[in-house]
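**Q** The sequence shown maps to residues -17 to -1, 1 to 357 in mature numbering (1 follows the signal peptide of the UniProt record, and there is no 0). The C-beta atom is built at its ideal place from N, Cα and C for all residues, glycine as well.
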Amino acid sequence: MATKVLVLFTSGLLGMAKNKYGVYEPTSQNLLKAIKEITMTHDKKYPEENELDENYCALPRSSEEEKRIIYTVMQYNPLKDSSNITKEDWVKMVKDIRDNYNAFEGFVVLHGTDTMAYTASALSFMLEGLSKPVILTGSQSPISNVKGDGIHNLVQALYIAANENISEVALFFDKKLFRGNRVTNVSSTDLAAFDSPNFEPLLDIGVKQKEVFARKFSSLSLSGKGSSTRGYNKPTFHTSMNENVGLLHLYPGLKAETVREFLKPPMEGAVLLTFGAGNCSSDLLKEIGNACKKGSIVVNCTQCKRGFVSLSYSTGLNLSHEGVLSGADMTIEAAFTKLCFLLGNTSLSLQERKSMMTKNIRGEMTDAEPPDTF
């Protein structure tokens, strides 16, 4: 029996083409129609022999023993450049997955690279208790470039999404599978556009072809990797994300007045991007502390790609004394979307939100204790 996967085509270079000025922009081309003409993405014989619905494609198989994967594409209209993605788009993705959850064994989200790490993190919090995989992927080249990375990333993401052993949000790019809330965008040009600095990839297929890839997944289980969502049968689909959350990137000479204006209402939460192991200019402590006293949640995350927030320096310790919460080793994207998520949950008190912010709830941070959920 075939395994069904739903592809949400939301944004990205995969669906772009150059306009008359030679600049890439989203197009209205039908992705499903395009991939039906590509041998790597569709087995044209299968529909004829099995009366497959015309809205579905069938991935080619390397052997009769290999699982048959069929998939369809829900193409968003309009397609966006991912730099225009908003929290409303995250809510739409969650609702589309919710509404189709029982009809498919897995989901692939095609997304632009600019904000893919933000979306992966957001979905990891909004989709609680997944029992099926949700895999984000994209490309550094349009689908018209059959020798580019887009087709390969799509095919391999489909193989992952068809595997029932993966029950979390993940991001696949250039032969590596990353936990969705541990990944960050590290290059605007390289095929290896993403990395997970503080958490090893869930899978690295290296130069292995799809036959080996599929066989490896037949026995792969991600339990023990720190997933906090494994073991649930009925997911919870959260659709509320707070809009009044921001990122404040510290820099030498940043004025206290600037910080004060940034943290003023309607701002309810902020992620401070601090120096080194979580340090901040002493001149800013008063304004940050005042915001915390007024009920804002402020989270301390290092600007460094690797490492974590530590209280080993007095300037970092002083932030803690002012009420700033440690972001530990969370990525900026994870800290931001987690804060949006917690502030959007109206059933939680301020103290509960603060407590959850410093705990591992979806595998997004290193925590010596078992992850919490709610």
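Hey, could you find the ends of the alpha helix (DSSP H) Ser29 is sitting in?
**A** The question names Ser, but residue 29 in the sequence shown is Tyr. Where Tyr29 is concerned, the enclosing alpha helix (DSSP H) stretches over Lys28 to Asn33.
**Q** Is His135 helix, strand or coil by DSSP?
**A** DSSP places His135 within a helical segment (H, G or I) once states are collapsed to three.
**Q** Helix, strand or coil for Gly290, going by three-state DSSP, please let me know.
**A** coil
**Q** Which of helix, strand or coil does DSSP assign to Val129?
**A** coil
**Q** Classify Val307 as helix, strand or coil using the three-state DSSP reduction.
**A** coil
**Q** Please report the straight-line C-alpha distance between Val307 and Leu137, rounded to a whole angstrom.
**A** 41 Å
**Q** Kindly indicate which three-state DSSP category Leu93 falls into: helix, strand or coil?
**A** Strand, per DSSP.
**Q** What residues are listed by DSSP as bridge partners for Cys323?
**A** BP columns for Cys323 are empty, so no partner.
**Q** Going by CA-CA distance only, name the one from Ile53, Glu34 and Leu35 that's closest to Leu42.
**A** If we check each option's Cα against that of Leu42, Ile53 comes out closest.
**Q** Going by DSSP in three states, Glu8 sits in which element: helix, strand or coil?
**A** strand
**Q** Classify Glu347: buried if its beta carbon has 16 or more other beta carbons within 10 angstroms, exposed otherwise.
**A** buried
**Q** Looking at Gly89: is its Cβ nearer than 8 Å to the Cβ of Val242?
**A** Result no, Cβ atoms of Gly89 and Val242 do not sit closer than 8 Å.
**Q** CB-CB under 8 Å to Phe155, same chain, minus the five flanking residues each way: which ones, in chain order?
**A** Ile118, Leu119, Thr120, Asn136, Gln139, Ala140, Ile143 and Phe161
**Q** Taking the alpha-carbon positions, what's the Ser293 to Leu237 distance?
**A** Taking the Cα positions, Ser293 is about 22 Å away from Leu237.
**Q** Run through the DSSP bridge pairs and tell me what Gln334 is partnered with.
**A** DSSP output for Gln334 lists no bridge partner at all.
**Q** For Ser45, which of Gln58, His25 and Met(-2) has the nearest alpha-carbon?
**A** His25
**Q** If I follow the unbroken beta strand (DSSP E) through Cys263, where does it start and stop?
**A** Looking at the DSSP string, Cys263 is not in any beta strand (DSSP E), and its letter there is neither H nor E.
**Q** Do you know whose CA, among Gln12, Phe177 and Ser65, lies nearest Gln159's CA?
**A** Looking at the sequence shown, residue 159 is not Gln but Lys. Nearest in C-alpha terms to Lys159, of all of Gln12, Phe177 and Ser65, is Phe177.
**Q** Considering only their Cβ atoms, is the gap separating Gly252 from Leu322 smaller than 8 Å?
**A** The answer is yes: Cβ separation under 8 Å.
**Q** Pick out whichever of Met(-17), Gln334 and Leu185 has its Cα sitting closest to the Cα of Glu48.
**A** Met(-17)
**Q** Beta carbon of residue 392, beta carbon of Ala317: below 8 Å?
**A** Missing from the structure shown is residue 392; the chain here goes from -17 to 357 and no further.
**Q** Is Asn273 helix, strand or coil by DSSP?
**A** helix
**Q** In terms of alpha-carbon separation, which member of Thr55, Pro235, Thr349 and Gly133 lies closest to Leu(-4)?
**A** Gly133
**Q** How is Asn168 classed by DSSP in three states: helix, strand or coil?
**A** strand
**Q** Would you report the Cα separation of Thr257 and Asp64, rounded to the nearest angstrom?
**A** Answer to the nearest angstrom: the Cα atoms are 29 Å apart.
**Q** Along the chain, where does the alpha helix (DSSP H) that runs through Met(-2) open and close?
**A** Met(-2) -> not in any alpha helix (DSSP H); beta strand (DSSP E) instead, spanning Met(-2) to Lys1.
**Q** Among residues of its own chain, excluding the 5 on either side of Lys130, which ones have a beta-carbon nearer than 6 Å to its beta-carbon?
**A** none
**Q** Residues in its own chain within less than 7 Å of Ala145 by CB, not counting five upstream and five downstream?
**A** Thr(-15), Val(-13), Lys50, Ile52, Glu88 and Gly89
**Q** What are the boundary residues of the alpha helix (DSSP H) that includes Thr241?
**A** Counting along the chain, the alpha helix (DSSP H) containing Thr241 begins and ends at Ala239 to Leu246.
**Q** Using 10 angstroms around the beta-carbon of Glu270, count the other beta-carbons present and answer buried if the total reaches 16, otherwise exposed.
**A** buried
**Q** Hey, how far is the Cα of Ser122 from the Cα of Arg345?
**A** 26 Å
**Q** Could you give the DSSP three-state label for Phe258: helix, strand or coil?
**A** strand
**Q** Near Thr341, what residues of its chain come up, given a Cβ to Cβ distance below 8 Å and the 5 sequence neighbours on each side ignored?
**A** Correct list, in chain order: Leu308, Ser309 and Ala311.
**Q** Out of curiosity, what's the CA-to-CA distance linking Pro218 and Ser295?
**A** 40 Å
**Q** Are the CB atoms of Ser(-7) and Gly112 nearer to each other than 8 Å?
**A** no
**Q** Mind reading off the beta-carbon distance from Thr172 to Pro180? Whole number of angstroms is fine, and I expect it under 8 Å.
**A** Contact flag wrong, Cβ pair sits at about 19 Å.
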